[in-house]
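K.L.:
My questions all concern the structure below.
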Amino acid sequence: MNETAAALAAARWPLAASGETAWLRELTSEDGLTGFMPPALPDAAWVLHSMYEHQLGPTGMSYLDHRRAALTDGGPGIVPGFEAADVLTGTAGEHPGPRWRRLRWAELALRNGDPVVPEGQLPCFSAFPSIAPECWPVGIQAPSEGTLDRTDWNRLVDILTDHSPQGADTRCLAYYNPLLEGAADLDNLHVRAGTLGDAKALYDHPEEDNWSPSNLWAQDRTWLLCTDHDLWATKVAGPAPLINAFLDDVEIEALRLPWAR
């Protein structure tokens, strides 16, 4: 954790009233247990969470089998070229290291003969039919579930800042679903208030355990994002120019899902 960013987040993102989520309940007809999933406002796109591929490429062994073998043997993994550290270490939300590269969903889908997202489904653990959920190869790090990684979060904040009239001064609110808080309090929803200029520091907030917010929205409600606890993607709802900026960005991998607008 970046201690400077953590101190900034703690100072600049105080708790806000639980009632700030009332409009989200009305908009989505949901209770926010896994996040409030918005409709298009009037447009929407899905930001696909990053995955990574080891420089040796995919292997015939699953991540779970390799991890089990590495823990049992107490030494290098049994796949030549893979070290135990490639599987057993790393910080959640951070780039996995110099031996890993970004693997785009479109590239993996083309390689395996899968759709990027199967029609009628949302981006989640079953997104690639050719890979059983428990059989992801050790050479591929699957997308994060229920949170953006730091790189994606920072880029998302940059795009929102560039396309918000007040830029970095845009007032916004961040909601964290109860499952991120250990489901300790289902009645008093957990909300913080701050600005886009300080939003990157949220990733290091000392009380949020390196989770990106379940929902982030502009105080004027012109845009709203949702990272559902069970999904591998973040939905951004807002005006068409903002959504097009996400779709056209060379760093973010985003797409429209006609069945999930």
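Quick note on numbering: my numbering labels position 260 of the sequence shown as 260, and the sequence is numbered without any gaps. Glycine included, every Cβ here is placed at the ideal spot set by N, Cα and C.
Can you find at least 3 beta carbon pairs, one from the stretch 25 to 39 and one from the stretch 97 to 107, that sit closer than 8 Å?
P.N.:
The answer is no - the stretch 97 to 107 does not touch the stretch 25 to 39, with fewer than three Cβ pairs under 8 Å.
K.L.:
Ignoring anything shorter than 4 residues, give me the alpha helix (DSSP H) runs that lie fully in the stretch 103 to 128, in order along the chain.
P.N.:
Entirely contained in the stretch 103 to 128, the alpha helix (DSSP H) runs reaching 4 residues are, in chain order, 105 to 112.
K.L.:
Identify which residue in Leu148, Ile131, Gly146, Pro42 has its Cα closest to the Cα of Ile140.
P.N.:
Within the sequence shown, numbered from 1, the residue matching residue 140 stands at position 140. The residue with the shortest Cα to Cα distance from Ile140 is Ile131.
K.L.:
Quick one: residues in its chain with C-beta nearer than 7 Å to the C-beta of Pro241, no 5 flanking neighbours on either side, listed in chain order?
P.N.:
Indexing the sequence shown from 1 puts residue 241 at position 241. Counting only Cβ-Cβ distances below 7 Å, and skipping sequence neighbours, we find His163.
K.L.:
Start and end of the beta strand (DSSP E) containing Arg12?
P.N.:
In the sequence shown, the residue the question calls residue 12 occupies position 12. Looking at the DSSP string, Arg12 is not in any beta strand (DSSP E); the run it does join, the alpha helix (DSSP H), is 3 to 12.
K.L.:
For His54, which beta-bridge partners are listed by DSSP?
P.N.:
Stepping through the sequence shown from its first residue, residue 54 is reached at position 54. His54 pairs with Trp100.
K.L.:
Helix, strand or coil for Val191, going by three-state DSSP, please let me know.
P.N.:
For the purposes of this step, residue 191 is taken as residue 191 along the sequence shown, with counting starting at 1. Three-state result, Val191: strand.
K.L.:
Leaving out five residues on either side along the sequence, give the residues of the same chain with a beta carbon under 7 Å from the beta carbon of Ser18.
P.N.:
What you label residue 18 is simply residue 18 of the sequence shown in a count that begins at 1. Around Ser18: Asn188, Leu189, Val191.
K.L.:
To the nearest angstrom, how far is it from the Cα of Trp211 to the Cα of Gly81?
P.N.:
As a working mapping, residue 211 is identified with position 211 in the sequence shown. As a working mapping, residue 81 is identified with position 81 in the sequence shown. In a straight line, the C-alpha of Trp211 is about 32 Å away from that of Gly81.
K.L.:
Is the number of C-beta pairs between the stretch 110 to 117 and the stretch 9 to 17 that are closer than 8 Å three or more?
P.N.:
Contact between the stretch 110 to 117 and the stretch 9 to 17 is absent, because fewer than three Cβ pairs lie under 8 Å.
K.L.:
Excluding the 5 residues flanking Ile243 on each side, which residues of the same chain have their C-beta closer than 7 Å to its C-beta?
P.N.:
Start at 1 with the first residue of the sequence shown, and residue 243 comes out as number 243. Around Ile243: Asp43, Ala44, Ala45, Val236.
K.L.:
For Leu24 versus Phe36, is the C-beta spacing smaller than 8 Å?
P.N.:
Counting from one through the sequence shown, the residue named residue 24 turns up at place 24. Counting from one through the sequence shown, the residue named residue 36 turns up at place 36. Against a cut-off of 8 Å, the Cβ pair of Phe36 and Leu24 comes out as a contact.
K.L.:
Only counting the same chain, and skipping five residues up and downstream in sequence, which positions put a Cβ closer than 6 Å to that of Tyr203?
P.N.:
Within the sequence shown, numbered from 1, the residue matching residue 203 stands at position 203. Same-chain partners within the cutoff: Arg150, Trp153.
K.L.:
Does the stretch 213 to 232 come close enough to the stretch 163 to 182 to have 3 or more Cβ pairs within less than 8 Å?
P.N.:
The stretch 213 to 232, when compared against the stretch 163 to 182, does touch it at the 8 Å Cβ threshold.
K.L.:
Is the Cβ-Cβ distance between Ala201 and Ala9 less than 8 Å?
P.N.:
Translated into positions along the sequence shown, residue 201 becomes position 201. Translated into positions along the sequence shown, residue 9 becomes position 9. Yes. Within cutoff.
K.L.:
Mind reading off the beta-carbon distance from Ile159 to Ala245? Whole number of angstroms is fine, and I expect it under 8 Å.
P.N.:
Numbered from its first residue, the sequence shown carries residue 159 at position 159. Numbered from its first residue, the sequence shown carries residue 245 at position 245. Confirmed, Cβ separation roughly 5 Å.
K.L.:
What span of residues does the beta strand (DSSP E) with Asn215 cover, start to end?
P.N.:
One-based indexing of the sequence shown puts residue 215 at position 215. Segment 215 to 218, the beta strand (DSSP E) holding Asn215.
K.L.:
With respect to 7 Å, is the separation between the Cβ of Gly120 and the closest non-hydrogen atom of the ligand ADP below this value?
P.N.:
Among the components modelled here there is no ligand, and therefore nothing to report on the ligand ADP.
K.L.:
Could you tell me the distance, in whole angstroms, from the CA atom of Leu179 to the CA atom of Thr147?
P.N.:
Counted from its first residue, the sequence shown places residue 179 at position 179. Counted from its first residue, the sequence shown places residue 147 at position 147. About 12 Å.
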